[in-house]
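Working notes for the structure below.
Residue numbers (this note's numbering): 55 to 427.
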């Protein structure tokens, strides 16, 4: 009988929310992880405690406590959250990575976080993305295991690829789908809607009137009877006036820049056709905030967490509207909560989990994420 030649390098332990909670390397002490919402906040290994200070997605500083001594370091990052420099009481310490995030072990011993703001595994050097969901190998430039959302879901055909081969412009904190891929999907949807809108407007006779007419925000149809608005569909709008006879009408083409989602009479995203270009304030992207939001103590299920990540990052990273973000997350029934106020809405993450938020102008502010309300 052949002896077992496998050597156990490390044991990994997960909490009930399926997050990496602790690891026990064979040659090092036990390491425990603590999270704030979906982000790693503190790691304790023996007598050393390291905590990350951050505001929303922006990394600010790292604090280290060891046997009564406290040391703080400022973090300098780029737009993808990669830590590029640490500034302690004496001097700055620069960090460098390959395009896929590899760095020599001696290059970043002072920093808890590294490439794209992720914690490298101290034993393997891999990045355990999604709080331990999948291990990304920066040397092989691929994941070690297949994606559960592939090949027929949004994970893509290649179940092992990282950021679709573009780690410079994309990042994948969940281990499922890169945010650059989200932006590309939304751009394709926008181009498709623009094509439908232009085609519909060019082939339809519009009334020869100088006043502004409301049109469907998601359907290019111009003629036909007036459509009643469903208040439970906050992004719905009314159709235009019935078409006039050809002798009293003229053709007109509406460009995408003439379509503006507005916040009017409790309905968000009602598209309007005007004869002027958008003002700078109207063309600003949507913003996203989780400050003060209440998250369920038991956390979200894997499927709900994936949908919520897509929803928030479509707004935060791509400036998409809540309606487009909800559609990309798989929920087309954005519901208005009348009892909570005129500007409060929710999306469905699962059978029993919801994300509730308010809207003020073009800012989405999360209020509650978790159980059914």
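We put the CB at the ideal spot given by N, CA and C, even for glycine.
The C-beta separation of residue 365 from residue 383 comes to about 4 Å, placing the pair in contact by the 8 Å criterion. Within the DSSP secondary-structure output, residue 425 pairs in a beta bridge with 407. Per DSSP, reduced to three states, the secondary structure at residue 359 is helical. Per DSSP, reduced to three states, the secondary structure at residue 88 is strand.
In the structure shown, residue 115 adopts extended strand secondary structure according to DSSP, grouped into three states. Taking residue 379 as the centre and dropping the five residues before and after it, the same chain places the C-beta of 365, 368, 369 closer than 7 Å to its C-beta, in chain order. Residue environment: residue 137 is assigned as buried (16 or more neighbouring CB atoms within 10 Å of its CB, all protein chains considered). According to the DSSP assignment, residue 79 belongs to the beta strand (DSSP E) that extends over 74–79. In this structure, residue 164 lies away from residue 173, with their beta-carbon atoms at least 9 Å apart.
Buried is the label assigned to residue 407, since at least 16 other Cβ atoms lie within 10 Å of its Cβ. Rounded to whole angstroms, the gap between the alpha carbons of residue 216 and residue 102 is 32 Å. For residue 129, the closest of 123, 76, 117 by C-alpha to C-alpha distance is 117.
Only residues of its own chain outside the window of five on either side were considered, and among them 116, 140, 142 have a CB closer than 6 Å to the CB of residue 127, listed in chain order. By alpha-carbon distance to residue 419, the top candidate from 376, 404, 402, 381 is 376.
Counted as a single uninterrupted DSSP element, the alpha helix (DSSP H) harbouring residue 381 occupies residues 376–382. The three-state secondary structure of residue 394, taken from DSSP, is helix. Under the 10 Å beta carbon count, residue 148 is surrounded by fewer than 16 other beta carbons and is classified as exposed. Taking 9 Å as the cut-off, the beta carbon of residue 182 is found no closer than this to the beta carbon of residue 228. For residue 139, the enclosing beta strand (DSSP E) covers residues 137–141.
In the three-state DSSP reduction, residue 222 falls in the coil class, being neither helix nor strand. Between residue 77 and residue 65 a beta carbon distance of about 7 Å is seen, short of the 8 Å cut, so the two are scored as contacting. Beta-bridge annotation (DSSP): residue 189 is paired with 182. Here residue 231 carries a coil assignment [DSSP, helix/strand/coil].
In the DSSP assignment, residue 156 falls outside any beta strand (DSSP E), carrying neither H nor E.
In this structure, the CA atom of residue 157 is about 9 Å from the CA atom of residue 169. Between the alpha carbons of residue 213 and residue 61 lies a distance of about 28 Å.
If you check the CB distance, residue 412 and residue 373 do not come in under 9 Å.
The beta-carbon distance between residue 155 and residue 221, rounded to whole angstroms, is 7 Å. This is short enough to meet the 8 Å contact definition. In its chain, beyond the 5 residues on either side, 175, 178, 180, 181, 182, 183, 197, 198, 199 have a beta carbon closer than 8 Å to the beta carbon of residue 189. In this structure, the straight-line span from the alpha carbon of residue 414 to that of residue 397 is close to 7 Å. CA-CA distance, residue 392 to residue 81, rounds to 58 Å. Spatial neighbours of residue 404 in its own chain (CB-CB distance under 7 Å, excluding positions within 5 residues in sequence) are listed in chain order as 355, 357, 358.
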